[in-house]
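Here's the structure we're looking at; comments come further down.
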Amino acid sequence: MSFNYLFKFVLIGDSAVGKSCLLLQFTDQRFQATHDLTIGVEFGSRVIEVDGVSIKLKIWDTAGQETFRSITRSYYRGAASAILVYDVTRRDTFNQLENWIEDARQNASENTQIIIVGNKIDLENKREVSEEEGRKFAEENGLWFLEASAKTGHDVNQIFQNMTRIIYQKIQNGE
Ligand code: GDP
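Sequence positions in the sequence shown follow our numbering and run 128 to 302.
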């Protein structure tokens, strides 16, 4: 499939928050329940349309690197967007967001647009972090925010679509 632009996206956040599942849901529209910890970076890609323009997203998944809560600088290189994921059913993963923001600000370009994503909202009865709290945290840090479920697919496309539009419009405005 042909495209006019190519954007690199990176997934970051604690282990088991659902980064790989969000990627799989976005690229293949499916959910896999088993957790397969693999070594090395994995990719996914998909072409989407924004304002009538075809944009290919190449999405990098940490594939285990995040266990050490340190991601190599090369992982972030050239990333138009970083998707910082936490699990709404595990407050510890929300508490780590500050460290991840610090990591991204040290290693990514200042142009890299960061969105915080609260994943697993299908597990409403296990929720430990409210949507309001997540949104407030993102606002305080000047970052974008969405809640999603990689399992049901709720708002998964929205994450990528919204960030692609934001980046594309910045390019159009010469920013
Ligand atoms: P990663 O380490 O951040 O890449 O996390 P994974 O994508 O491997 O997911 C970790 C575990 O959480 C797996 O068992 C997934 O099946 C599960 N999981 C991921 N996303 C969701 C979700 O939205 N809802 C539910 N219920 N489980 C999820």
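Glycine residues also receive a C-beta, built at the ideal position from the N, C-alpha and C atoms.
Within 10 Å of its beta-carbon, does N131 have 16 or more other beta-carbons around it, so buried, or fewer, so exposed?
In the sequence shown, the residue the question calls residue 131 occupies position 4. Flag for N131 reads exposed.
Alpha carbon to alpha carbon, how far is D230 from K146?
In the sequence shown, counting from the first residue as 1, residue 230 sits at position 103. In the sequence shown, counting from the first residue as 1, residue 146 sits at position 19. Distance between the alpha carbons of D230 and K146: 17 Å.
Quick one: what's got a C-beta closer than 6 Å to D141's C-beta in the same chain, skipping five residues either side?
Residue numbering aside, residue 141 sits at position 14 when the sequence shown is read from its first letter. Result list for D141: T220 and Q223, in chain order.
Say the cut is 6 Å; is the CB of K247 nearer than that to a heavy atom of the ligand HEM?
The ligand HEM is absent from the structure shown, which contains only the ligand GDP.
What did DSSP end up calling D155 once you bin it into helix, strand or coil?
By one-based count along the sequence shown, residue 155 stands at place 28. Helix, per DSSP.
Under 6 Å: does the beta carbon of S276 sit that close to some heavy atom of the ligand GDP?
For the purposes of this step, residue 276 is taken as residue 149 along the sequence shown, with counting starting at 1. At least one heavy atom of the ligand GDP is nearer than 6 Å to the Cβ of S276, so yes.
Closer than 6 Å to a non-hydrogen atom of the ligand GDP - does that hold for the CB of S142?
The count along the sequence shown starts at 1 and reaches residue 142 at position 15. It does: the Cβ of S142 is within 6 Å (strictly closer) of some heavy atom of the ligand GDP.
Please list the terminal residues of the continuous alpha helix (DSSP H) segment that includes V212.
As a position in the sequence shown, residue 212 is number 85, starting the count at 1. Unbroken run through V212 is the beta strand (DSSP E), A206 to D214; no alpha helix (DSSP H).
Whole angstroms is fine: what's the gap from I293's alpha carbon to T279's?
Position 166 of the sequence shown holds residue 293. Position 152 of the sequence shown holds residue 279. Roughly 25 Å between the two C-alpha positions.
Within 10 Å of its beta-carbon, does Q299 have 16 or more other beta-carbons around it, so buried, or fewer, so exposed?
The residue labelled residue 299 in the question sits at position 172 within the sequence shown. Counting Cβ neighbours within 10 Å, Q299 comes out exposed, since fewer than 16 surround it.
Check whether the Cβ of L211 lies closer than 6 Å to any heavy atom of the ligand GDP, and answer yes or no.
Translated into positions along the sequence shown, residue 211 becomes position 84. Incorrect: L211 has no Cβ contact closer than 6 Å to the ligand GDP.
Can you tell me the Cβ-Cβ gap for F170 and I186, rounded? I've got them flagged as a contact below 8 Å.
On the sequence shown, position 43 is the one that residue 170 refers to. On the sequence shown, position 59 is the one that residue 186 refers to. That pair is a contact at about 7 Å.
Between which residues of its own chain and F153 is the CB-CB distance below 6 Å, once the five residues before and five after are set aside?
Here the question's residue 153 lines up with position 26 in the sequence shown. The residues are V283 and F287.
I think I198 touches I139, with their Cβ atoms under 8 Å apart; what is that distance to the nearest whole Å?
The sequence position of residue 198 within the sequence shown is 71, counting from 1. The sequence position of residue 139 within the sequence shown is 12, counting from 1. I198 to I139, Cβ: 6 Å. Contact.
Which of the three DSSP states, helix, strand or coil, is assigned to S142?
Here residue 142 is taken as the residue at index 15 of the sequence shown, counted from 1. It is coil, neither helix nor strand.
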